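Structure record follows, encoded as structure tokens.
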Amino acid sequence: SFHSIFLSHRRRRTQQKEKSLRRITILDKMKLLAVGAFVLLANIVHCLDEEDVIIKPEFCDKKPLYSPHPTNCGKYIICAGPVGVHILKCPEDLHWDVKRKLCNWKQYAGCDGRPTGGSTGGGSSGGGSRVTDPPTTKPTTTPKPVTKKRYERADPCDKTTCKLPNCACANERQPPKGLSAKQVPQMILISYEDGVNSINHELYKELFDGKKNPNGCPIKATFFVTDTNNDYKLTKDLYNRGHEIGVNTLTHTAPESYWKGLAYDTLVREVVNMRSKLQENGINNVKGFRNPFLQTSGDTLYAVLKDYGFEYDSSLATHFGQLWWPFTLDYSTEMKECRKKDACPLNSYPGLWEIPKIPFRDNIVSCTAYDQCYRFDNNKEAVFEFLLNNFVRHYNQLRAPYPLFGHSDWMTGIHNVYRKEGLKAFIQNMLSKNDVYFVTLSQAVEWMKNPTTLDKIKTFRPWQC
Numbered sequence: 030s031f032h033s034i035f036l037s038h039r040r041r042r043t044q045q046k047e048k049s050l051r052r053i054t055i056l057d058k059m060k061l062l063a064v065g066a067f068v069l070l071a072n073i074v075h076c077l078d079e080e081d082v083i084i085k086p087e088f089c090d091k092k093p094l095y096s097p098h099p100t101n102c103g104k105y106i107i108c109a110g111p112v113g114v115h116i117l118k119c120p121e122d123l124h125w126d127v128k129r130k131l132c133n134w135k136q137y138a139g140c141d142g143r144p145t146g147g148s149t150g151g152g153s154s155g156g157g158s159r160v161t162d163p164p165t166t167k168p169t170t171t172p173k174p175v176t177k178k179r180y181e182r183a184d185p186c187d188k189t190t191c192k193l194p195n196c197a198c199a200n201e202r203q204p205p206k207g208l209s210a211k212q213v214p215q216m217i218l219i220s221y222e223d224g225v226n227s228i229n230h231e232l233y234k235e236l237f238d239g240k241k242n243p244n245g246c247p248i249k250a251t252f253f254v255t256d257t258n259n260d261y262k263l264t265k266d267l268y269n270r271g272h273e274i275g276v277n278t279l280t281h282t283a284p285e286s287y288w289k290g291l292a293y294d295t296l297v298r299e300v301v302n303m304r305s306k307l308q309e310n311g312i313n314n315v316k317g318f319r320n321p322f323l324q325t326s327g328d329t330l331y332a333v334l335k336d337y338g339f340e341y342d343s344s345l346a347t348h349f350g351q352l353w354w355p356f357t358l359d360y361s362t363e364m365k366e367c368r369k370k371d372a373c374p375l376n377s378y379p380g381l382w383e384i385p386k387i388p389f390r391d392n393i394v395s396c397t398a399y400d401q402c403y404r405f406d407n408n409k410e411a412v413f414e415f416l417l418n419n420f421v422r423h424y425n426q427l428r429a430p431y432p433l434f435g436h437s438d439w440m441t442g443i444h445n446v447y448r449k450e451g452l453k454a455f456i457q458n459m460l461s462k463n464d465v466y467f468v469t470l471s472q473a474v475e476w477m478k479n480p481t482t483l484d485k486i487k488t489f490r491p492w493q494c
């Protein structure tokens with residue numbers, strides 16, 4: 030039973046704490062962090078072309094990690110010490126923002142008038158290699174909206190007219206279609222944000238490859254990607270492996286407040302143009318969106334999503350307590366527990382699904398992402414127990430989908446191995462159960478449209494491989 034599992038893992042944790050472990054000195058920790066930083070930089074730095082472009086080492090004398098390109102507003106330089114000096118390019122139509130240390134829209138970046146083309150380096154002499162711009166690509170064109178209209182204020186949900194598969198009320202306390210909890214397959218929705226790079230791509234393969242759901246199909250996750258520092262070849266590889274790719278905006282601009290009150294046209298560039306870039310790289314069927322920092326621009330964002338044919342959003346965070354089922358935005362969300370009031374829509378967006386973020390809970394606080402919660406005492410058993418405790422809360426109640434939302438950098442680096450191992454142990458434990466499925470967010474929406482009982486789930490077409 031799950032109760033015996035808890036007791037077993039608590040006993041093991043106690044035994045581990047009672048062992049006489051060698052304490053790592055402050056100097057040891059500093060060495061580990063230094064090695065970890067070196068490994069991280071060596072792996073995440075990527076280039077404009079097929080191979081790294083090196084300029085004069087003296088360029089980086091007394092410069093910070095990130096520096097503006099001397100002749101090109103659309104590029105920036107990473108001075109990575111022993112790893113090398115690398116030139117990277119911002120996404121199209123963006124400039125390097127020296128103040129914020131990120132790629133930003135031209136009007137906000139404050140570039141000093143340098144051109145967006147050109148070259149730098151030592152020329153034909155002086156010891157540096159000449160750097161030329163890569164071939165220019167056709168600018169991403171914004172498609173026309175599927176529909177564009179004025180959206181009215183949402184009314185309270187009318188259950189006599191709001192019927193599946195096209196409509197689902199928010200704040201439902203029972204599984205859809207009158208199913209009992211034991212008839213419902215427990216869905217686990219693993220999702221990640223940010224760009225795909227050489228480090229987290231290997232992590233994702235380690236987590237998911239070779240593992241199968243009870244229906245014999247590979248377990249799947251959802252990746253909401255941004256253009257900044259994203260490797261489209263590796264993203265396409267995840268897509269080809271059956272995972273879902275969604276949009277996390279073009280720039281993922283910081284700080285969080287940037288995303289409050291953005292204009293419609295700006296959101297179109299951020300959201301729709303990112304989907305277009307994915308499609309240009311052979312990644313189709315992009316249905317979902319998640320806003321950086323889970324901070325939306327309220328109704329303006331949802332108008333963009335509806336106008337441009339997105340199927341679902343997964344940006345609304347709730348408070349700890351109620352277990353939410355996915356719902357449509359036809360009617361009022363009634364999300365009194367919405368963590369960010371200005372992020373929740375007030376208008377009606379018929380047929381647009383919302384997959385809300387249900388918080389985790391540890392012994393101290395609740396958190397929207399598991400990497401915001403507990404320190405786990407550098408112990409993979411504690412990570413496993415934390416994930417299992419929150420799973421049981423879903424499994425033993427309504428079996429509402431269990432969203433595992435986090436960021437890959439929480440598990441990368443030599444000092445974070447225990448976190449990765451804890452998550453791997455949790456996934457492996459769940460694979461032993463015949464009523465638990467790791468599915469993408471769009472697969473969860475398909476189940477909501479056509480709730481299928483456990484005895485028939487192995488032939489449920491949207492979950493087939």
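If you read the sequence shown in the working numbering, its first letter stands for residue 30, the second for the next number, and so on.
The beta-carbon is built from N, C-alpha and C at its ideal position, and this holds for glycine as well.
Fair warning: this is a prediction, and the values are worked out from it, not measured in the lab.
- Along the beta strand (DSSP E) that carries Gly435, what are the first and last residues, could you check? 431-435
- Item | Alpha-carbon to alpha-carbon, Asn458 and Lys240 | 11 Å
- Task: Go through its chain and collect everything with a Cβ distance to Leu193's Cβ below 8 Å, but skip five positions before and after it.
- Result: Pro205, Lys206, Met477, Lys478, Asn479, Pro480
- Item | C-beta atoms of Met303 and Thr325 nearer than 9 Å | no
- Item | Cβ shell of Ser361 (< 6 Å), same chain only, five flanking positions each side left out | Ala183, Pro185
- Item | Rounded separation between Val301 and Pro172 - CA only | 8 Å
- Going by alpha carbons, who is nearest to Trp354 out of Cys89, Val394, Tyr233, Ile384? Ile384
- Task: Put Pro480 into one of helix, strand or coil per three-state DSSP.
- Result: coil
- Are Asn418 and Arg390 touching if we call contact CB-CB under 9 Å? yes
- Query: Under 9 Å, do Leu131 and Thr264 count as touching if we go by C-beta distance?
  - Reply: no
- Task: On a CA-only basis, which of Asp260, Cys198, Asn242 is nearest Ile228? Give me that one, please.
- Result: Asp260
- Query: How many angstroms separate the CA atom of Gly103 from the CA atom of Trp134?
  - Reply: 10 Å
- Among all the DSSP beta bridges, which residues are the ones paired with Leu218? Pro432
- Give the straight-line distance between the Cα atoms of Asn242 and Ala292, rounded to the nearest whole angstrom. 42 Å
- Message: Are the CB atoms of Glu309 and Thr280 within a distance shorter than 9 Å?
- Response: no
- Simplified DSSP assignment, three categories, for Phe253: strand
- Item | Simplified DSSP assignment, three categories, for Thr357 | strand
- Item | Three-state secondary structure assigned by DSSP to Val500 | Since the first residue of the chain shown is 30 and the last is 494, residue 500 is not available in this structure.
- Alpha-carbon spacing of Phe434 relative to Arg319, whole angstroms: 11 Å
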